[in-house]
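Undergrad: Per my numbering: the sequence shown = residues 10 to 154. Supplied in C-alpha coordinates, the structure appears directly below.
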Amino acid sequence: MYSEKVMDHFQNPRNVGEIEDASGVGTVGNAKCGDIMRMYLDIDENGVIREARFKTFGCGAAVATSSMATELVKGKTVQEALQVTNRAVMEALDGLPPVKVHCSLLAEEAIHAALWDYAEKNHIVIEGLEKPKADIHEGEEEEEY
(Lines of atoms letter the chains of each structure in order from A and count residues from 1; the text may use other names and numbers.)
(Lines give C-alpha, C1' and ligand atoms only; values in the text may rest on other atoms or scores of the structure.)
Protein backbone atom coordinates (compact mmCIF):
# COMPACT_ATOMS: atom_id res chain seq x y z
CA MET A 1 0.00 0.00 0.00
CA TYR A 2 2.76 2.49 0.95
CA SER A 3 6.11 2.81 -0.80
CA GLU A 4 9.36 2.08 1.04
CA LYS A 5 10.13 5.82 1.07
CA VAL A 6 6.77 6.65 2.69
CA MET A 7 7.38 4.01 5.35
CA ASP A 8 10.94 5.28 5.92
CA HIS A 9 9.82 8.90 6.36
CA PHE A 10 6.99 7.76 8.65
CA GLN A 11 9.16 5.52 10.82
CA ASN A 12 12.23 7.80 10.71
CA PRO A 13 10.88 11.29 10.09
CA ARG A 14 13.43 13.98 9.30
CA ASN A 15 13.38 17.47 10.82
CA VAL A 16 10.78 16.90 13.55
CA GLY A 17 10.38 19.71 16.04
CA GLU A 18 10.19 23.46 16.29
CA ILE A 19 12.52 26.29 15.36
CA GLU A 20 12.73 28.90 18.09
CA ASP A 21 12.26 32.39 16.63
CA ALA A 22 11.44 30.89 13.22
CA SER A 23 11.40 33.23 10.22
CA GLY A 24 8.02 31.80 9.28
CA VAL A 25 5.54 29.37 10.85
CA GLY A 26 2.53 27.97 9.06
CA THR A 27 -0.25 25.78 10.40
CA VAL A 28 -2.80 24.05 8.19
CA GLY A 29 -5.31 21.31 8.73
CA ASN A 30 -7.90 19.13 7.12
CA ALA A 31 -11.16 19.04 9.07
CA LYS A 32 -12.32 15.94 7.18
CA CYS A 33 -9.49 13.70 8.38
CA GLY A 34 -8.27 15.62 11.43
CA ASP A 35 -4.67 16.04 10.24
CA ILE A 36 -2.86 19.17 11.43
CA MET A 37 0.54 20.20 10.11
CA ARG A 38 2.80 22.99 11.38
CA MET A 39 5.88 23.98 9.38
CA TYR A 40 8.75 26.11 10.74
CA LEU A 41 11.23 27.82 8.42
CA ASP A 42 14.51 29.58 9.22
CA ILE A 43 15.29 31.87 6.28
CA ASP A 44 18.56 33.79 5.97
CA GLU A 45 19.06 37.39 4.80
CA ASN A 46 19.42 36.19 1.18
CA GLY A 47 16.04 34.45 1.24
CA VAL A 48 17.50 30.94 1.48
CA ILE A 49 15.86 28.38 3.76
CA ARG A 50 18.56 27.29 6.22
CA GLU A 51 16.36 25.02 8.29
CA ALA A 52 12.90 23.50 8.06
CA ARG A 53 11.12 21.60 10.82
CA PHE A 54 7.62 20.30 11.35
CA LYS A 55 5.13 19.05 13.88
CA THR A 56 2.27 16.98 12.54
CA PHE A 57 -0.74 15.42 14.17
CA GLY A 58 -2.10 12.86 11.78
CA CYS A 59 -1.72 9.58 9.99
CA GLY A 60 1.51 8.00 8.75
CA ALA A 61 1.14 9.60 5.32
CA ALA A 62 0.78 13.05 6.92
CA VAL A 63 4.00 12.52 8.89
CA ALA A 64 5.82 11.19 5.80
CA THR A 65 4.72 14.09 3.58
CA SER A 66 5.71 16.62 6.27
CA SER A 67 9.12 15.01 6.59
CA MET A 68 9.69 14.95 2.83
CA ALA A 69 8.46 18.53 2.40
CA THR A 70 11.06 19.80 4.89
CA GLU A 71 13.76 17.90 3.01
CA LEU A 72 12.64 19.39 -0.30
CA VAL A 73 12.69 23.04 0.84
CA LYS A 74 15.96 23.07 2.81
CA GLY A 75 18.64 24.97 0.93
CA LYS A 76 16.16 26.45 -1.53
CA THR A 77 15.34 30.11 -1.99
CA VAL A 78 11.90 31.33 -0.96
CA GLN A 79 10.89 31.43 -4.64
CA GLU A 80 12.15 27.86 -5.23
CA ALA A 81 10.32 26.62 -2.12
CA LEU A 82 7.11 28.15 -3.43
CA GLN A 83 7.44 25.82 -6.44
CA VAL A 84 7.42 22.66 -4.26
CA THR A 85 4.02 21.20 -5.09
CA ASN A 86 2.05 18.36 -3.60
CA ARG A 87 2.91 16.39 -6.75
CA ALA A 88 6.64 16.95 -6.11
CA VAL A 89 6.19 15.68 -2.54
CA MET A 90 4.31 12.60 -3.76
CA GLU A 91 6.91 11.87 -6.47
CA ALA A 92 9.74 12.20 -3.96
CA LEU A 93 7.96 9.59 -1.83
CA ASP A 94 7.39 7.27 -4.83
CA GLY A 95 3.64 7.90 -4.68
CA LEU A 96 0.77 7.84 -2.22
CA PRO A 97 -2.48 5.86 -2.24
CA PRO A 98 -5.34 7.94 -3.74
CA VAL A 99 -7.04 8.31 -0.34
CA LYS A 100 -3.85 9.90 1.06
CA VAL A 101 -3.25 12.53 -1.66
CA HIS A 102 -4.73 15.16 0.69
CA CYS A 103 -1.68 14.70 2.95
CA SER A 104 0.59 15.95 0.17
CA LEU A 105 -1.75 18.93 -0.31
CA LEU A 106 -1.36 19.69 3.40
CA ALA A 107 2.43 19.63 3.03
CA GLU A 108 2.30 22.10 0.12
CA GLU A 109 -0.08 24.39 2.00
CA ALA A 110 2.05 24.24 5.17
CA ILE A 111 5.06 25.45 3.17
CA HIS A 112 2.94 28.26 1.70
CA ALA A 113 1.55 29.19 5.13
CA ALA A 114 5.06 29.42 6.61
CA LEU A 115 6.23 31.52 3.64
CA TRP A 116 3.18 33.78 4.07
CA ASP A 117 4.04 34.27 7.75
CA TYR A 118 7.66 35.09 6.78
CA ALA A 119 6.46 37.62 4.18
CA GLU A 120 4.10 39.29 6.66
CA LYS A 121 6.78 39.50 9.39
CA ASN A 122 9.20 41.10 6.92
CA HIS A 123 6.65 43.30 5.12
CA ILE A 124 7.51 41.80 1.75
CA VAL A 125 5.52 40.33 -1.11
CA ILE A 126 6.51 36.92 -2.45
CA GLU A 127 5.55 36.83 -6.11
CA GLY A 128 2.99 34.07 -6.75
CA LEU A 129 2.18 33.43 -3.06
CA GLU A 130 -1.49 33.62 -2.13
CA LYS A 131 -2.89 33.80 1.38
CA PRO A 132 -3.14 30.20 2.59
CA LYS A 133 -6.27 28.54 3.91
CA ALA A 134 -6.34 27.25 7.47
CA ASP A 135 -8.28 24.20 6.25
CA ILE A 136 -7.33 22.80 2.85
CA HIS A 137 -11.01 22.16 2.06
CA GLU A 138 -12.11 25.71 2.92
CA GLY A 139 -14.40 27.02 0.18
CA GLU A 140 -14.30 23.83 -1.89
CA GLU A 141 -17.06 21.50 -2.95
CA GLU A 142 -16.84 17.84 -2.07
CA GLU A 143 -13.91 16.44 -3.97
CA GLU A 144 -13.08 12.88 -4.81
CA TYR A 145 -9.46 11.76 -4.94
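Even for Gly, the Cβ is constructed at its ideal location relative to N, Cα and C. If you're wondering where the values come from, they're calculated on a predicted model, not measured in any experiment.
Below 7 Å CB to CB, which residues in the same chain sit around residue 27 once its five sequence neighbours on both sides are set aside?
TA: The residue given as residue 27 occupies position 18 in the sequence shown. Cβ within range, chain order: 49, 62 and 64.
Undergrad: Residue 106 and residue 122 - do their beta-carbons sit closer together than 8 Å?
TA: On the sequence shown, position 113 is the one that residue 122 refers to. On the sequence shown, position 97 is the one that residue 106 refers to. Contact: no.
Undergrad: The alpha helix (DSSP H) spanning residue 127 covers which residue range?
TA: Sequence index remark: in the sequence shown, residue 127 carries index 118 (1-based). Unbroken alpha helix (DSSP H) run through residue 127: 110-130.
Undergrad: Report, in whole angstroms, the separation of the C-beta atoms of residue 70 and residue 82, which I expect to be a contact under 8 Å.
TA: As a working note, residue 70 is residue 61 in the sequence shown. As a working note, residue 82 is residue 73 in the sequence shown. Actually they are not in contact, since the Cβ atoms of residue 70 and residue 82 sit about 19 Å apart, beyond 8 Å.
Undergrad: Would residue 33 and residue 144 qualify as a contact pair, given that the criterion is a beta-carbon distance under 8 Å?
TA: For this step, residue 33 is matched to residue 24 along the sequence shown. For this step, residue 144 is matched to residue 135 along the sequence shown. Taking 8 Å as the Cβ cut-off, residue 33 and residue 144 do not qualify as a contacting pair.
Undergrad: Could you give the first and the last residue of the continuous beta strand (DSSP E) run that contains residue 50?
TA: On the sequence shown, position 41 is the one that residue 50 refers to. From DSSP, the beta strand (DSSP E) with residue 50 extends over 44-52.
Undergrad: Is it the case that the Cβ atoms of residue 117 and residue 134 are separated by a distance below 8 Å?
TA: The residue you call residue 117 lines up with position 108 of the sequence shown. The residue you call residue 134 lines up with position 125 of the sequence shown. Cβ distance not < 8 Å, so residue 117 and residue 134 don't count as in contact.
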